Amino acid sequence: ISVGDFEPKIRTECIADNRRVESEDKIVRIHISARTNILGVTLLVIFLVGLLVGIVVFGIKLTRR
1 ISVGDFEPKI
11 RTECIADNRR
21 VESEDKIVRI
31 HISARTNILG
41 VTLLVIFLVG
51 LLVGIVVFGI
61 KLTRR
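According to the UniProt record's numbering, the residues represented by the sequence shown are 1 to 65, in order.
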């Protein structure tokens, strides 16, 4: 199943007392989302924070010379 919005149409037919009973078609909206990779997001945040700290430390050492 792919990620996205789907709208399947449900049609019902019924016969009661040998006569057809009218019914409305129903449209059901279904939203399917992707599963979040928590480990990947956590590693990315740790990497970006480490990169930022490294840039700041390098900048401080560079300005003290």
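Ideal Cβ placement from N, Cα and C applies to all residues, glycine included.
Treat the numbers as computed from the prediction; the structure is a model and nothing was measured.
Determine the DSSP secondary structure at V41, reduced to helix, strand or coil. It is helical.
Please classify V3: does DSSP put it in a helix, a strand, or coil? It is coil, neither helix nor strand.
Complete runs of the beta strand (DSSP E) confined to the segment 8 to 37 [at least 3 residues]: With a minimum length of 3 residues, the continuous beta strand (DSSP E) runs that stay inside the segment 8 to 37 are 14 to 16, 19 to 21, 30 to 32.
Using beta-carbon positions only, say whether R29 and E7 come within less than 8 angstroms of one another. yes
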